[in-house]
Amino acid sequence: MCSASGQAITMRHRFLDMPLLESALKRIGEVLANGGNRSTRQPAKIVPVDFGPSDLGPIKSGPVESRPVESRPIELLLVGGAAGLLTGLLPASRTTLDCDVMVYAPPTAWHEVEQAAHAVGRELGLPTSWLNSVAQMRIDSLPGGWQDRRVLIGKFGRLHVWAISRVDLIAMKFIAHRAQDLEDLVSLNVKAEDLAFVERFVQSLRGKRTPPQEVDEAIEILRDWQVIA
Amino acid sequence: MNANARGQVAHDELIARWARAGAGFNVPPAPSSEQSPDLERLLLETARQARGDSRVFIMAASWLARYATLIAKHRLRAMIVHELEPSHRAALGLLLDIVHHKLKTDRFNGAIRACADSIPSVGEPLFDVESRSEVLRRIARDRAMQISLRWNRWVADFEFKEDAIRPPLWVMQQNPEYVDRAEFKGDLRASILIEIRNDAEAGASEQELARRCGATRPAVRAALAGLELAKRIDREHRGVRHAAMLSV
Chain A
-16 MCSASGQAIT MRHRFLDMPL LESALKRIGE VLANGGNRST RQPAKIVPVD FGPSDLGPIK
44 SGPVESRPVE SRPIELLLVG GAAGLLTGLL PASRTTLDCD VMVYAPPTAW HEVEQAAHAV
104 GRELGLPTSW LNSVAQMRID SLPGGWQDRR VLIGKFGRLH VWAISRVDLI AMKFIAHRAQ
164 DLEDLVSLNV KAEDLAFVER FVQSLRGKRT PPQEVDEAIE ILRDWQVIA
Chain B
18 MNANARGQVA HDELIARWAR AGAGFNVPPA PSSEQSPDLE RLLLETARQA RGDSRVFIMA
78 ASWLARYATL IAKHRLRAMI VHELEPSHRA ALGLLLDIVH HKLKTDRFNG AIRACADSIP
138 SVGEPLFDVE SRSEVLRRIA RDRAMQISLR WNRWVADFEF KEDAIRPPLW VMQQNPEYVD
198 RAEFKGDLRA SILIEIRNDA EAGASEQELA RRCGATRPAV RAALAGLELA KRIDREHRGV
258 RHAAMLSV
């Protein structure tokens, strides 16, 4: 249906719930398997971050590298609310999902994934920003060793989707410490050992890209947090 | 059912009603067999429950940023005065003031003034989770947006979640009762139609409508004349009164 001005009018506007998110990720895998979206759209102004060899996890090994580029796995790491919901750590009745992606591996894959996500978003009637890669700018807000703790959500063809672990989610929530993050932390039932782990990590952020005030506040909140036995 | 369970039920109902109005919560919307959410009452209930769920507050602001014209502003002001407990008025005033400032709209001025009579004397975080300790309270104070300091209910700045609000076609298809609101852009005529639809007794006299809508009698009389010309209501003399009822 079109308006008089030619602007498309559609009733298809869907929010991401968990089944739809899984369908959308699966569909991205199918699009990538078919050679991806070949549009000439230019990439957004996000500079891929070189995460260093230690962050690349399973795809750094030899046999994978020897495959043609088009057949190599692409790994996504979901963070934030989507990760919490898909792993069952956060209650399902939250607001609609943004699907924040922090790490693409290989780092150059982000454009290919974003193009596929745009195509899938149009197909499924999702908001344009449903797969949001802005979070990759803050790679230093993940504790080291996250790749050993991450949780596999699913392998959809070449697309391998992971979510950060509970303790990494807790760490990110303490660093952000907005009201909604604090509410999530209450839901996550933070334990004493979580606090110790997260404080070590937050201390390690000093002198890096995270603003010193955020680090100081996060540590204050960590030390003040009431653990419910 | 204990107080916690009752609170959870009330919260779930609030979220379901917002979902029906077009806010993107991961819950089934309130069923279509029920009347569309009464938007002014929904705002009052949001103010009552905002302390316990920051996302409801942010989503309500995001919804208002898109659909402010659906709010019957006279009715909202009157309901604040007659129904909303003073302890919750600052939360609603802040919500409306945030939308007022970000959209540069004066639509809610009357309602904001009605809330401003009840600004608490002592500042504190709006959200309970930030009142759990002195550390959290101090950080909430440091991060609070300027408007929220004026309301003595501290909230950090946030962006409207535009992608989480349903488009107009969806909202109007799910809620055909909102057509009057849209047609009259939430002005006094919308308030009058909503009141008469909700309770036929509301139209018993201009005085009663003026009370319920928080407007003067001359303003109500002028609005009724417009509605009658538009064939939206019929009027009849009942003794010394002029009663108004919806046109069939």
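Residue numbers (our numbering), protein chains in the order written: chain A, -16 to 212; chain B, 18 to 265.
We put the beta carbon where it would ideally sit given N, CA and C, even for glycine.
Source: prediction; values computed, not measured.
Short CB-CB distance (under 9 Å) between residue i and chain A
{"i": "B/A78", "result": "no"}
{"i": "B/E147", "result": "yes"}
{"i": "B/L153", "result": "yes"}
{"i": "B/A85", "result": "no"}
{"i": "B/R180", "result": "A quick correction: the sequence has Asp, not Arg, at residue 180 of chain B. True, the Cβ-Cβ gap to chain A drops below 9 Å."}
{"i": "B/F177", "result": "no"}
{"i": "B/I75", "result": "yes"}
{"i": "B/A107", "result": "no"}
{"i": "B/Q240", "result": "Note that residue 240 of chain B is Ala in the sequence shown here, rather than Gln. Chain A, which has no Cβ nearer than 9 Å to the Cβ of B/A240, makes this no."}
{"i": "B/F26", "result": "This sequence places Val at residue 26 of chain B; Phe is not what is there. No, B/V26 lies away from the interface with chain A (no Cβ there is under 9 Å from its Cβ)."}
{"i": "B/N215", "result": "no"}
{"i": "B/N43", "result": "yes"}
From the options, residue whose alpha carbon lies closest to that of residue i
{"i": "A/R141", "options": "A/D164, A/L(-1), A/L3 and A/E13", "result": "A/E13"}
{"i": "B/S165", "options": "B/L113, B/H28, B/A240 and B/H254", "result": "B/L113"}
{"i": "A/A66", "options": "A/D207, A/S170, A/A146 and A/A100", "result": "A/A146"}
{"i": "A/R10", "options": "A/N172, A/R149 and A/K138", "result": "A/K138"}
{"i": "A/N17", "options": "A/A175, A/A102 and A/Q163", "result": "A/A102"}
{"i": "B/E141", "options": "B/R149, B/D134, B/R154 and B/R130", "result": "B/R154"}
{"i": "A/L3", "options": "A/M155, A/N172 and A/L69", "result": "A/L69"}
{"i": "B/A131", "options": "B/R255, B/R149 and B/I97", "result": "B/I97"}
{"i": "A/L61", "options": "A/L114, A/A99 and A/G108", "result": "A/L114"}
{"i": "A/Y87", "options": "A/I202, A/P56 and A/S112", "result": "A/P56"}
{"i": "B/L246", "options": "B/T233, B/A261 and B/R255", "result": "B/A261"}
Which of helix, strand or coil DSSP assigns to residue i
{"i": "B/K121", "result": "coil"}
{"i": "A/K138", "result": "strand"}
{"i": "A/G64", "result": "helix"}
{"i": "B/I164", "result": "helix"}
{"i": "B/D29", "result": "helix"}
{"i": "B/V152", "result": "helix"}
{"i": "A/F157", "result": "helix"}
{"i": "A/W113", "result": "coil"}
{"i": "B/R92", "result": "helix"}
{"i": "B/A133", "result": "helix"}
{"i": "B/D251", "result": "strand"}
{"i": "B/P142", "result": "strand"}
{"i": "B/R206", "result": "helix"}
{"i": "A/L59", "result": "strand"}
{"i": "A/P144", "result": "According to the sequence shown, residue 144 of chain A is Val rather than Pro. Looking at A/V144 - three-state DSSP - the assignment turns out to be strand."}
{"i": "A/F180", "result": "helix"}
{"i": "B/I115", "result": "helix"}
{"i": "B/A38", "result": "helix"}
{"i": "B/A173", "result": "strand"}
{"i": "A/I211", "result": "coil"}
{"i": "A/S(-12)", "result": "For A/S(-12), the pLDDT reaches just 43, beneath the cut-off of 50, and the residue's location in the model is therefore unreliable, leaving the point undetermined."}
Endpoints, the alpha helix (DSSP H) within which residue i is located
{"i": "B/V73", "result": "S71 to Y84"}
{"i": "A/L205", "result": "P195 to D207"}
{"i": "A/R133", "result": "Premise fails: A/R133 is in no alpha helix (DSSP H) and is neither H nor E."}
{"i": "B/D216", "result": "No alpha helix (DSSP H) contains B/D216, which DSSP labels as neither H nor E."}
{"i": "B/G243", "result": "R234 to L246"}
{"i": "B/Q191", "result": "P185 to Q191"}
{"i": "A/D167", "result": "A162 to S170"}
{"i": "B/A221", "result": "Looking at the DSSP string, B/A221 is not in any alpha helix (DSSP H), and its letter there is neither H nor E."}
{"i": "B/T63", "result": "L56 to Q66"}
{"i": "A/V10", "result": "It is worth fixing the name first, because residue 10 of chain A is Arg in this sequence and not Val. A/R10 -> alpha helix (DSSP H) spans M1 to A16."}
Below-9 Å beta-carbon distance, residue i vs any chain B residue
{"i": "A/D112", "result": "Going by the sequence as given, residue 112 of chain A is Ser instead of Asp. At least one chain B Cβ lies under 9 Å of A/S112."}
{"i": "A/L68", "result": "yes"}
{"i": "A/A75", "result": "yes"}
{"i": "A/M155", "result": "no"}
Cross-chain neighbours of residue i in chain B, by beta carbon under 8 Å
{"i": "A/E166", "result": "D70, S71, R72, F144 and V146"}
{"i": "A/D0", "result": "N43"}
Proximal residues of chain A, C-beta to C-beta of residue i below 9 Å
{"i": "B/I156", "result": "H160, E200, E203 and I204"}
{"i": "B/A173", "result": "R161 and A162"}
{"i": "B/R19", "result": "Note that residue 19 of chain B corresponds to Asn in the displayed sequence, not to Arg. None at all; the shortest Cβ gap to chain A is about 19 Å."}
Amino acids of chain B, ordered along the chain, whose beta-carbon sits closer than 9 Å to that of residue i
{"i": "A/D207", "result": "R149, S150, E151, V152 and L153"}
{"i": "A/V169", "result": "V146 and R149"}
Residue i beta carbon near the ligand ADP (any heavy atom closer than 8 Å)
{"i": "A/L168", "result": "This structure lacks the ligand ADP, and indeed carries no ligand of any kind."}
First and last residue of the uninterrupted beta strand (DSSP E) at residue i
{"i": "A/V86", "result": "C82 to A88"}
{"i": "B/A261", "result": "R258 to L263"}
Min CB distance residue i to chain E below 9 Å
{"i": "B/A247", "result": "Included in the structure are the protein chains A and B, with no chain E among them."}
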